[in-house]
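Taking it in order: structure first as structure tokens, then the write-up.
Numbering (my numbering), first residue to last: 41 to 321.
Given below as structure tokens:
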């Protein structure tokens, strides 16, 4: 089977986007994983399908690079928004996207060629209720919970931005053993569905340096929901202001915290192509 695709990145977090408005494309987990492999497929941190929605302007279906479905991806939805806007699938610079994590509202800023350049996404409210994240915890909020690891004690705050997150404050992101602790925390029984793991270094009240180990994808250059999780946890603890710039390896994202959380950042179209998908991936 041959399919057409587009490749995008948002602050270095890269994605495959496939138009499936007619609903004719059915991909198996192993086929998605094949497409996302960097040495054998196209290569990406995730894959999205553009589909029709009965309740929003358009629907985004998202998969991690291992082929597993995910509820939400912050960098992914910015790339998705650019794709549907630039290709005329949406009319207007403000529109809604259906996701498994609920409806998300998009605002597009264009460049001189009227292509989407900066995309703001209303990510909704952060979820701190343990059962909704979900985490196995009986108190009202799972904040500052210590865990023993082979690399020492780690203190976690749990939150959901439509997908589960662990936020860990560190003195220095670069020297922290994130490659070891990331996958360890990802699979803790505390998180029955696994989790994304965010390491956050506070620079000042308006700036944070962060790094994310993504559930099902590993270390990535950027994570939009992770940046939102970092900002809202640190703000809730009184450590940063409500407008925060999160610096990640792939660039910077602006997070604004109000009744809901708004993330603003770039999205870049890399190339289009056609690929043959093997039956067994």
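Don't be surprised by glycine CBs; every beta carbon is placed ideally from N, CA and C. In this text, all values refer to a predicted model and were calculated from it rather than measured experimentally.
query                                                                                                                                                                    : result
Pull the bridge partners of residue 198 from the DSSP assignment, please.                                                                                                : 206
Quick one: does residue 187 have its CB under 8 angstroms from some CB of chain D?                                                                                       : The structure shown has no chain D; it contains just one protein chain.
Please classify residue 219 as buried or exposed, where buried requires at least 16 other C-beta atoms within 10 Å of its C-beta.                                        : exposed
Keeping to the same chain, check which residues put their C-beta closer than 6 angstroms to that of residue 145; ignore five residues upstream and five downstream.      : 136, 162
Could you check whether the Cβ of residue 190 sits closer than 7 angstroms to any heavy atom belonging to the ligand COA?                                                : Inclusion of the ligand COA in the displayed structure is not the case, the ligand content being empty and no account of it being possible.
What did DSSP end up calling residue 289 once you bin it into helix, strand or coil?                                                                                     : coil
Here's the rule: buried if 16 or more other CB atoms are within 10 angstroms of the residue's CB, otherwise exposed. What is residue 154?                                : exposed
Have a look at residue 233 and residue 174 and give me their C-alpha separation to the nearest angstrom.                                                                 : 7 angstroms
Under the three-state reduction of DSSP, which class applies to residue 215: helix, strand or coil?                                                                      : coil
Measuring CB atoms only, is the region 191 to 210 touching the region 164 to 172, in the sense that at least three cross pairs come out at less than 8 angstroms?        : yes
Among the residues of its own chain, which have a CB less than 6 angstroms from the CB of residue 140, if the five just before and after it don't count?                 : 111
Take every Cβ of the region 309 to 316, pair it with every Cβ of the region 278 to 287, and state whether three or more of those distances are shorter than 8 angstroms. : no
For my contact list, residue 187 and residue 158 are in at a C-beta cut-off of 8 angstroms; report their separation, rounded to the angstrom.                            : Not a contact, Cβ separation roughly 37 angstroms.
Mapping DSSP to helix, strand and coil, what is residue 305?                                                                                                             : strand
Between which two residues does the alpha helix (DSSP H) carrying residue 175 extend?                                                                                    : Residue 175 -> no alpha helix (DSSP H), and no H or E assigned at all.
Any idea if residue 274 is buried or exposed, counting beta-carbon neighbours within 10 angstroms, 16 or more meaning buried?                                            : buried
Any chance you could list the beta strand (DSSP E) runs of at least 3 consecutive residues sitting entirely within the region 142 to 169, in chain order?                : 142 to 150, 156 to 162
Going by alpha carbons, who is nearest to residue 120 out of 150, 94, 79, 88?                                                                                            : 88
Hey, residue 297 and residue 272 are a contact pair by Cβ (cut 8 angstroms); roughly how many whole angstroms apart?                                                     : 6 angstroms
Leaving out five residues before and five after residue 147 in sequence, what residues of the same chain have Cβ atoms less than 6 angstroms from its Cβ?                : 134, 160
Which one of 178, 43, 92 has the shortest CA to CA distance from residue 75?                                                                                             : 43
Could you check the C-alpha separation between residue 321 and residue 84 for me, to the nearest Å?                                                                      : Reliability of the predicted coordinates at residue 321 is poor, the pLDDT of 48 falling under 50, and the value obtained from them is presented with this limitation in mind. The alpha-carbon atoms of residue 321 and residue 84 are separated by roughly 15 angstroms.
Ignore the nearest five residues each way along the sequence and tell me which others in residue 96's own chain have a CB closer than 7 angstroms to its CB.             : 136, 137, 138, 143
Is DSSP giving residue 182 helix, strand or coil here?                                                                                                                   : coil
Alpha carbon to alpha carbon, how far is residue 193 from residue 250?                                                                                                   : 19 angstroms
Please classify residue 118: is it buried, with 16 or more other beta-carbons within 10 angstroms of its beta-carbon, or exposed?                                        : buried
When you compare only the Cα positions, how much space is there between residue 215 and residue 128?                                                                     : 45 angstroms
Just to confirm, is the Cβ distance from residue 236 to residue 266 under 8 angstroms?                                                                                   : yes
Is the beta carbon of residue 72 sitting closer than 8 angstroms to the one on residue 107?                                                                              : yes
Buried or exposed: which applies to residue 299, given that a residue is buried once 16 or more other Cβ atoms fall within 10 Å of its Cβ?                               : exposed
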